[in-house]
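Going by this note's numbering, the residue at position 35 of the sequence shown is 35; the numbering climbs one at a time, nothing skipped.
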Amino acid sequence: MEHLVERLAAAKIGATFNQYAGSELRRERLRRHLARDAGTVLVGEAAGYRGARVSGIAFTSERQLTGAGPAEATATVVHRVLAELGLDESVLLWNVVPTHPGTATSNRRPTAAEVEAARPFLREIVRGRRVVAVGRLAQAATGAPYVRHPSHGGAARFALDLRAAFATIPPRRGSTAPFP
């Protein structure tokens with residue numbers, strides 16, 4: 001995964017902001033995250049301006065990592081539900097477009113060209129893993145089972161959908177993670 005992180009840091013994905021390009025801290029956080037022995041990856045749409053743009057990890061705010069900095073609602077919901085399921089350390093978090101489309105204070109949907117440009121990174125991350133798509137764009141890009149994105153009033157549905165998705169995924173051999 002070391003090579004993936006370095007390739008990602010050097011990548012130009014359309015008009016997105018590459019938060020890894022100038023930050024050894026974000027690259028190191030991503031390396032540690034990707035080093036997890038995870039058989040499942042949750043794939044979202046793109047890095048959010050209060051989430052991965054700042055922290056370097058999909059569905060994760062700086063506040064969750066350090067206790068300071070901006071919080072992000074989606075990240076809060078995702079981490080809470082994963083913790084409730086006992087999966088917070090055994091699932092990789094990724095985005096179809098791992099860089100941030102938008103500005104320092106806003107998000108936008110990635111373009112089709114940006115999704116296509118990011119596809120090699122997505123393929124590498126999901127290879128050999130079960131995939132759960134968080135949102136319709138992630139479902140379209142991966143063909144994986146869909147769970148409702150937690151934003152815009154979707155937190156309760158996301159929790160139900162994720163619980164149902166993991167109920168159909170058998171635990172990995174030797175895992176003690178509780179599956180509902």
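Note that beta-carbon positions come from the ideal geometry of N, C-alpha and C, so glycine has one too.
Less than 7 Å divides the Cβ of R26 from the Cβ of Y20. Judged by DSSP secondary structure, R26 falls within the alpha helix (DSSP H) whose first and last residues are E24 to L34. Taking E72 as the centre and dropping the five residues before and after it, the same chain places the C-beta of G48, R50, G51 and S61 closer than 7 Å to its C-beta, in chain order.
Residues of the same chain with a CB within less than 7 Å of the CB of L82, apart from the 5 flanking positions on each side, are D88 and V91 in chain order. If you check the CB distance, V134 and V147 come in under 7 Å.
Restricting attention to V5, T105, A11 and F166, the CA atom closest to the CA of E24 is found in V5.
One Cα belongs to F59, the other to H3, and the distance between them is close to 22 Å. Buried is the label assigned to S55, since at least 16 other Cβ atoms lie within 10 Å of its Cβ.
Around F121, the same chain offers L4, L8 and P98 as residues with beta carbons nearer than 7 Å, after the five sequence neighbours per side are excluded. For L137, there is no enclosing beta strand (DSSP E); the enclosing alpha helix (DSSP H) covers residues R136 to T142.
The distance from the Cβ of P145 to that of V78 is about 16 Å, inconsistent with a contact at the 8 Å cut-off.
For L82, the enclosing alpha helix (DSSP H) starts and ends at A73 to E84.
Going by DSSP, A46 is part of no alpha helix (DSSP H) but of the beta strand (DSSP E) stretching over T40 to A46. In the structure shown, R50 adopts coil according to DSSP, grouped into three states. The bridge partners DSSP lists for Y146 are A133. Approximately 21 Å separates the beta-carbon atoms of H100 and F158; this is outside 8 Å, ruling out the contact. In terms of Cα proximity to K12, the closest of V115, T66 and G69 is V115. Secondary structure of L87 (DSSP, three-state): coil.
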